[in-house]
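The sequence shown begins at 1 in the numbering used here and counts up one residue at a time. Take a look at the structure below.
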Amino acid sequence: MATASETRAAHSRNGAPTSADRVRAWAVLLALPITIAAAALGGGLFGGREIGSSAGGALSDAATPIAPDGPAFSIWSVIYFGLAAYAVWQVLPKQHADRRQRATGWLAIASLVLNAAWILAAQTDVLWLTEVIIVVLLAVLITIFVLLRRGRPDSWIEALVVDGTFGLYLGWVSVATAANTAAFLADLGVAPSPFEPWAIAVLAVVALVGVALALWSRGRVAPALAMTWGLSWIAVGRFTGEPESAPTGIAAIVAAALIAIATVVARLRDRRR
Numbered sequence: 001m002a003t004a005s006e007t008r009a010a011h012s013r014n015g016a017p018t019s020a021d022r023v024r025a026w027a028v029l030l031a032l033p034i035t036i037a038a039a040a041l042g043g044g045l046f047g048g049r050e051i052g053s054s055a056g057g058a059l060s061d062a063a064t065p066i067a068p069d070g071p072a073f074s075i076w077s078v079i080y081f082g083l084a085a086y087a088v089w090q091v092l093p094k095q096h097a098d099r100r101q102r103a104t105g106w107l108a109i110a111s112l113v114l115n116a117a118w119i120l121a122a123q124t125d126v127l128w129l130t131e132v133i134i135v136v137l138l139a140v141l142i143t144i145f146v147l148l149r150r151g152r153p154d155s156w157i158e159a160l161v162v163d164g165t166f167g168l169y170l171g172w173v174s175v176a177t178a179a180n181t182a183a184f185l186a187d188l189g190v191a192p193s194p195f196e197p198w199a200i201a202v203l204a205v206v207a208l209v210g211v212a213l214a215l216w217s218r219g220r221v222a223p224a225l226a227m228t229w230g231l232s233w234i235a236v237g238r239f240t241g242e243p244e245s246a247p248t249g250i251a252a253i254v255a256a257a258l259i260a261i262a263t264v265v266a267r268l269r270d271r272r273r
């Protein structure tokens with residue numbers, strides 16, 4: 001955490017806010033209701049179908065071996081709450097010229113728009129488009145994460161509402177991308193029974209991504225929390241729901257454990273430094 005003198009120095013380096021800074025900040029705030037409205041539509045409000053029943057059920061929690069069990073998706077409530085806090089925080093005048101916000105603000109807007117676009121694509125049963133959108137969304141969130149890591153937050157509030165929110169967002173979308181890819185492959189004809197080896201391979205990739213994020217970020221907790229949450233619910237779904245698959249469930253548990261261990265190890269090493 002930065003000291004008071006470091007905080008004052010950081011603000012002096014940011015310079016005076018420009019018109020572009022103000023436009024960016026308000027654009028973030030205005031994009032948020034669009035994303036929230038799309039999420040409500042995807043939840044079955046406004047007469048829309050729930051995501052699980054869209055695309056012929058390809059995105060339901062029982063569609064593929066990599067689909068997280070239903071309760072896993074409650075993490076979106078936390079992410080949306082964090083995004084709302086972030087949108088309000090960054091629109092405050094003293095944040096307009098912040099270097100980290102200048103670097104990531106438009107990417108944050110892109111993430112909100114892509115989030116809404118994914119829901120609309122799912123609602124209209126265009127599964128291939130959901131795959132394209134979520135891969136682009138993942139790339140945007142990785143870029144935000146990298147840019148945020150180049151500078152330290154000036155306060156615990158910034159660490160929570162910016163780094164914490166986008167860390168959770170990135171961690172969950174990493175798991176969701178794997179689940180979406182599995183749904184897309186299943187829609188192309190890869191049935192759940194022969195899909196099991198592929199499911200384990202995809203979970204191995206998720207584990208590698210999670211471990212790499214943990215080591216590179218020196219043990220950032222938020223991405224690891226979201227990824228272990230999603231992987232744990234994949235395991236629950238495979239042991240207690242359909243399609244049942246003990247090997248996939250075990251693979252999900254192993255992946256979650258590896259990410260958690262890597263995060264703890266990286267954090268301990270960072271403290272020693």
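C-beta: ideal position from N, C-alpha, C; glycine also. These numbers come from a predicted model, not from an experiment.
For residue i, is the classification buried or exposed, using 16 other Cβ atoms within 10 angstroms of its Cβ as the cut-off for buried?
i       : result
Thr-3   : For Thr-3, the pLDDT reaches just 48, beneath the cut-off of 50, and the residue's location in the model is therefore unreliable, although a value from the coordinates is still provided. Exposed: under 16 other Cβ atoms inside 10 Å.
Val-88  : exposed
Thr-240 : exposed
Pro-93  : exposed
Glu-6   : Per-residue confidence for Glu-6 stands at a pLDDT of 44, beneath the threshold of 50, marking its modelled position as unreliable; the derived number appears in the next sentence. So Glu-6 ends up on the exposed side.
Thr-64  : buried
Asp-21  : buried
Ala-16  : exposed
Arg-271 : exposed
Arg-102 : buried
Arg-269 : exposed
Arg-53  : According to the sequence as given, residue 53 is Ser; it is not Arg. Classification of Ser-53: exposed, given that the 10 Å Cβ count is below 16.
Thr-18  : exposed
Leu-188 : exposed
Trp-128 : exposed
Enumerate in chain order the residues of its own chain whose CB-to-CB distance from residue i is below 6 Å, with the five nearest sequence positions on each side excluded.
i       : result
Ile-51  : Gly-42, Leu-59, Ala-122
Gly-82  : Thr-165
Ala-251 : Ile-200, Leu-203
Nearest-angstrom Cα distance between residue i and residue j?
i       : j       : result
Phe-184 : Ala-178 : 10 Å
Gly-164 : Ala-222 : 6 Å
Ile-157 : Ala-246 : 42 Å
Thr-104 : Ile-144 : 6 Å
Gly-70  : Arg-152 : 36 Å
Val-209 : Ala-72  : 20 Å
Val-146 : Leu-170 : 11 Å
Glu-242 : Ala-62  : 5 Å
Ala-40  : Arg-273 : 45 Å
Ser-174 : Ala-260 : 15 Å
Val-236 : Pro-68  : 8 Å
Leu-45  : Ala-262 : 40 Å
Asp-98  : Ala-84  : 18 Å
Gly-56  : Asp-125 : 7 Å
Ala-224 : Ile-66  : 18 Å
Val-211 : Ile-253 : 14 Å
Ala-38  : Leu-213 : 29 Å
Gly-167 : Val-190 : 32 Å
Ala-266 : Ile-36  : 35 Å
Starting from the C-beta of residue i, find all residues in its chain whose C-beta is less than 8 Å away, skip the five residues before and the five after it, and write them out in chain order.
i       : result
Ile-34  : Leu-112, Val-113, Ala-116
Ile-109 : Arg-24, Ala-27, Val-28, Ala-31
Ile-133 : Leu-114, Ala-117, Trp-118, Ala-121
Val-206 : Ser-174, Val-175, Ala-178, Met-227, Leu-231, Ala-255
Gln-95  : Ala-25, Trp-89, Gln-101
Val-91  : Ala-25, Trp-26, Val-28, Leu-29
Val-135 : Thr-177
Take residue i and list the residues in its own chain whose beta-carbon comes closer than 7 Å to its own, dropping the five residues that flank it on each side.
i       : result
Glu-131 : Asn-180, Thr-181, Phe-184
Glu-244 : Arg-238
Arg-149 : Ser-217
Leu-107 : Val-140, Thr-143, Ile-144
Open item on the list: For the structure I just gave you, are there three or more beta carbon pairs, one from the region 197 to 205 and one from the region 139 to 149, closer than 8 Å?
Closed with: Output reads no: the region 139 to 149 does not touch the region 197 to 205.
Open item on the list: For the region 147 to 161 against the region 73 to 80, do three or more pairs of beta-carbon atoms, one drawn from each stretch, fall closer than 8 Å, so that the two count as touching?
Closed with: Contact between the region 147 to 161 and the region 73 to 80 is not established, with fewer than three Cβ pairs separated by less than 8 Å.
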